[in-house]
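Chemist: Quick note: the sequence shown uses the working numbering, first residue 180, plus one each step.
Provided herewith is a single structure, encoded as structure tokens, for subsequent inquiry.
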Amino acid sequence: MKDLKVFQYNDMYSGGRRKTNYETIFVYATDLCEADKLFEEKLNLDPNESACLCCGADYVIDQVPKISIQNYRKNILIINNPHQRSTKWLI
Ligand SMILES: [Zn+2]
Numbered sequence: 180m181k182d183l184k185v186f187q188y189n190d191m192y193s194g195g196r197r198k199t200n201y202e203t204i205f206v207y208a209t210d211l212c213e214a215d216k217l218f219e220e221k222l223n224l225d226p227n228e229s230a231c232l233c234c235g236a237d238y239v240i241d242q243v244p245k246i247s248i249q250n251y252r253k254n255i256l257i258i259n260n261p262h263q264r265s266t267k268w269l270i
């Protein structure tokens, strides 16, 4: 079983609006490719799109330490990994 990493998606308000109800979305995944896929399955939204050319990408995406989730108390969504159900989530 591979270790899961945490990928953080910050809504950049491109096009002047937030794309979902959440400012920040965390995804547990083995790699960025899987994280993007889980994000899209959960939110029916491609995180790599751009609302318009002038504003740039809809999301800034970074791999972050698991502990960083604890710094965000409000308005976040955490997407767990459906392929590793046995894992115990600390958050
Ligand atoms: Zn724009």
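From the three backbone atoms N, C-alpha and C, an ideal C-beta is built for every residue, glycine too.
1) Is C212 a contact residue of ligand 1, with contact defined as CB to any heavy atom under 6 Å?
2) With a CB to CB cut of under 8 Å and the five nearest residues on each side skipped, what residues in its chain are close to S229?
3) For A214, which three-state DSSP category applies?
4) Quick one: give me the first and last residue of the beta strand (DSSP E) that Q187 is part of.
5) In terms of DSSP beta bridges, what is D225 paired with?
6) Over what stretch of residues does the beta strand (DSSP E) that includes T203 continue unbroken?
7) Which of the three DSSP states is assigned to Q249 in this structure?
8) Please report the straight-line C-alpha distance between Y251 and Q242, rounded to a whole angstrom.
Modeler: Based on what the coordinates show:
1) Walking along the sequence shown from the start, residue 212 turns up at place 33. No.
2) By one-based count along the sequence shown, residue 229 stands at place 50. Excluding sequence neighbours, S229 sits near S193, G235, A236, D237.
3) Taking the first residue of the sequence shown as position 1, residue 214 is located at position 35. Three-state DSSP puts A214 in a helix.
4) Taking the first residue of the sequence shown as position 1, residue 187 is located at position 8. First-last of the beta strand (DSSP E) with Q187: 184-190.
5) Within the sequence shown, the letter at position 46 stands for residue 225. Bridge partners of D225: none, in fact.
6) Residue 203 sits at position 24 when you count from the first residue of the sequence shown. From DSSP, the beta strand (DSSP E) with T203 extends over 203-208.
7) What you label residue 249 is simply residue 70 of the sequence shown in a count that begins at 1. Helix, per DSSP.
8) Locating residue 251 in the sequence shown gives position 72, counting from the first residue. Locating residue 242 in the sequence shown gives position 63, counting from the first residue. One C-alpha to the other measures close to 15 Å.
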